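Below is one structure; the comments refer to it alone.
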């Protein structure tokens with residue numbers, strides 16, 4: 001090998017090594033960035049030209065990346081559901097707690113039992129009213145909590161849609177940079193990392209899948225197959241509802257006019273925060289609201305009064321419990337009934353009423369009076385009220401609870417339903433979180449930066465750089481000696 005060729009080879013090695021060191025330094029600088037992939041300076045050698053770095057590549061694993069996107073979307077959906085169920089759970093807690101509707105109904109029954117043993121005591125009569133008021137207040141409060149959960153979900157849906165549109169806009173900018181860079185042969189590895197980071201964030205909001213095309217171009221679809229991005233972002237739209245009516249579904253979410261959430265459409269998304277929020281707003285919370293409403297209807301029916309005239313002509317009327325539509329008895333499910341159930345003013349001492357009407361009847365008028373003789377020891381009506389709480393009723397079949405049971409059992413079944421749903425959702429959330437964490441770890445190990453490896457590479461490259469420098473110095477010394485000998 002001639003001295004000139006040796007010098008050129010050493011210089012090309014220095015240049016290539018310098019570029020490799022620069023790439024390794026980039027890796028080390030981003031070692032704590034979860035979105036950074038390991039960059040690799042690709043070496044090419046040729047006769048007479050030494051080595052060069054024509055391009056920078058990055059470590060990638062599309063299968064692992066897609067697995068992460070799927071796992072993250074599933075985890076986020078379940079997290080949204082679990083969080084909402086935690087709020088709904090606060091309306092019941094343990095059935096032994098006094099603010100649980102089921103526990104308060106049981107306490108009302110016990111108070112009626114006490115009143116049955118001492119029907120002449122007005123203080124005990126007042127305690128029945130107080131116990132009943134606690135039940136109605138608990139149902140009012142639980143209904144308000146459901147409404148709050150639904151409104152918050154609706155608001156969060158609006159936020160999620162805004163995030164999706166913003167991320168799609170960011171993706172468009174980065175995708176265009178990738179296409180231009182691929183066409184011009186520029187280093188696009190950092191841009192690819194940034195684009196992947198946007199996809200990760202997008203998968204938090206909605207389940208997605210991607211399709212790669214020529215020149216690094218990429219299209220995005222929902223997990224149900226609706227286009228979100230193809231050359232340009234599709235507009236994702238949603239109209240937030242300021243006041244959601246009890247039992248009524250909220251507005252749907254559309255992508256370029258195609259419904260993707262909130263319509264039970266064939267193209268309904270399956271995962272992501274948005275899917276979880278939709279499930280909370282239009283399914284879980286609505287079902288629980290219907291259970292509370294039926295609980296209220298069961299109480300109104302259990303305490304309803306009937307015409308006690310010799311020839312009854314009047315319809316049944318509300319008794320201890322009434323509502324905004326009283327005195328008519330609700331014959332079927334009424335959405336939002338739990339929010340309007342209340343104590344009849346005629347029997348509430350706090351509103352100028354007479355608590356002893358619980359014993360005597362006549363809360364809705366003289367025709368409904370059971371104790372016609374005004375006997376202070378009369379207990380028939382009290383006993384019938386106790387029986388009413390434990391007698392079978394027919395409830396709406398759409399509430400996911402047994403349609404035939406007593407109101408006391410119905411309340412207990414509702415607690416069991418909610419707790420079972422919460423436990424199941426929590427277990428599923430834990431599982432999905434574990435899967436997502438494992439996917440994150442696997443992706444990081446396969447494509448991320450390992451500091452120990454990079455430091456080892458850096459030391460090796462420094463040795464190579466020094467060796468090339470020594471070779472150039474040696475050749476220079478040989479050339480100097482040769483020139484001096486010729487002088």
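In our numbering, the protein residues as written are 1 to 487.
A virtual CB, placed ideally from N, CA and C, is assigned to each residue, including glycine.
Predicted model only: the values in this text are computed from it and were never measured.
| query | Is it true that the stretch 159 to 177 meets the stretch 128 to 139, where meeting means three or more beta-carbon pairs spaced less than 8 Å apart? | reply | no
| If residue 407 and residue 295 are in contact, beta carbons under 8 Å, what's the gap, nearest whole angstrom? | 7 Å
| query | When we look at the beta-carbon of residue 211 and count the other beta-carbons within 10 Å, is it buried (16 or more) or exposed? | reply | Residue 211 should be labelled exposed.
| said: Can you give me the C-alpha to C-alpha distance between residue 244 and residue 151, rounded to a whole angstrom? | reply: For residue 244 and residue 151, the distance between alpha carbons rounds to 7 Å.
| task | Measuring alpha carbon to alpha carbon, tell me which of 183, 156, 158 and 205 ends up nearest residue 167. | result | 205
| query | Exposed or buried, residue 1, counting other C-beta atoms within 10 Å across all chains shown (16 or more means buried)? | reply | Reliability fails at residue 1, whose pLDDT of 48 lies under 50, so the model's placement of it is uncertain and the value that follows must be treated cautiously. The residue is exposed, with fewer than 16 neighbouring Cβ atoms inside 10 Å.
| query | Straight-line CA distance for residue 436 to residue 141? | reply | Roughly 36 Å between the two C-alpha positions.
| said: For residue 488 and residue 239, what's the separation of their Cα atoms in angstroms? | reply: Examination of residue 488 is not possible in this model, given that the chain is present from 1 through 487 alone.
| query | Between the stretch 331 to 341 and the stretch 284 to 299, do at least 3 Cβ pairs fall closer than 8 Å? | reply | yes
| field | Where residue 425 falls, given that 16 or more other Cβ within 10 Å makes a residue buried | value | buried
| task | Tell whether a beta-carbon distance below 8 Å holds between residue 203 and residue 270. | result | Cβ atoms of residue 203 and residue 270: not closer than 8 Å.
| message | Give me, in chain order, the residues of the same chain whose beta-carbon lies closer than 8 Å to that of residue 197; leave out the 5 immediate sequence neighbours on both sides. | response | Annotation for residue 197: 35 place their beta carbon closer than 8 Å to its own, counting only its chain and skipping 5 residues before and after.
| request: Ignore the nearest five residues each way along the sequence and tell me which others in residue 233's own chain have a CB closer than 8 Å to its CB. | output: By the criterion of a C-beta distance shorter than 8 Å, residue 233 is surrounded in its chain by 165, 168, 169, 171 and 172, once the five residues flanking it on both sides are discounted.
| What separation, rounded to the nearest whole angstrom, lies between the Cα atoms of residue 299 and residue 280? | 27 Å
| field | Own chain, CB closer than 6 Å to residue 201, minus 5 neighbours either side, in chain order | value | Cβ contact annotation for residue 201 (same chain, cutoff 6 Å, sequence separation greater than five): 167, in chain order.
| query | Buried or exposed: which applies to residue 80, given that a residue is buried once 16 or more other Cβ atoms fall within 10 Å of its Cβ? | reply | buried
| query | Considering only C-alpha positions, which residue in the set 312, 227, 394 and 69 is nearest to residue 207? | reply | 69
| task | Give the DSSP bridge partners of residue 268, in chain order. | result | According to DSSP, which records beta bridges pairwise, residue 268 is partnered with nothing at all.
| said: In the DSSP assignment, the beta strand (DSSP E) including residue 161 goes from what residue to what residue? | reply: Not the beta strand (DSSP E): residue 161 falls in the alpha helix (DSSP H), residues 122 to 184.
| said: Taking its Cβ as the centre, do 16 or more other Cβ atoms sit within 10 Å of residue 455, making it buried, or is it exposed? | reply: exposed
| message | Using a 10 Å radius around the Cβ and a threshold of 16 neighbouring Cβ atoms, would you call residue 402 buried or exposed? | response | Counting Cβ neighbours within 10 Å, residue 402 comes out exposed, since fewer than 16 surround it.
| said: Going by beta-carbon coordinates alone, are residue 105 and residue 411 separated by less than 8 Å? | reply: yes
| message | Quick check on the burial criterion: 16 or more other C-beta atoms within 10 angstroms. Buried or exposed for residue 63? | response | exposed
| For residue 121, which option in 231, 376, 399 and 216 has the closest C-alpha, if you only look at C-alpha atoms? | 376
| Taking C-beta to C-beta, are residue 282 and residue 262 nearer than 8 Å? | yes
| Identity of the residues DSSP links to residue 220 by a beta bridge | 210 and 229
| said: Below 7 Å, is the gap between the Cβ of residue 345 and the nearest heavy atom of the ligand ADP? | reply: As presented, the structure is devoid of all ligands, the ligand ADP included, so that no description of it is given.
| To the nearest whole angstrom, what separates the beta carbons of residue 385 and residue 303, a pair I think is in contact under 8 Å? | Contact between residue 385 and residue 303 holds, since their C-beta atoms are separated by about 6 Å, short of 8 Å.
| message | Which of the three DSSP states is assigned to residue 393 in this structure? | response | Three-state DSSP puts residue 393 in a strand.
| residue 110: buried (16+ other C-beta within 10 angstroms of its C-beta) or exposed? | Exposed, by the Cβ-count rule.
| task | Rounded to whole angstroms, what's the CA-CA distance from residue 102 to residue 194? Just pull it up for me. | result | For residue 102 and residue 194, the distance between alpha carbons rounds to 53 Å.
| query | Once you ignore the five residues that flank residue 71 on each side, which residues in its own chain have a CB closer than 6 Å to its CB? | reply | Cβ within range, chain order: 435, 436 and 439.
| Are any of the Cβ atoms in chain D nearer than 8 Å to that of residue 74? | Annotation note: the requested chain D is absent from the structure, which comprises a single protein chain.
| Closest by C-alpha distance to residue 360, when choosing among 305, 139, 235 and 39 | 305
| task | For residue 95, name the three-state secondary structure that DSSP assigns. | result | For residue 95, the pLDDT reaches just 49, beneath the cut-off of 50, and the residue's location in the model is therefore unreliable, although a value from the coordinates is still provided. Here residue 95 sits in coil by DSSP.
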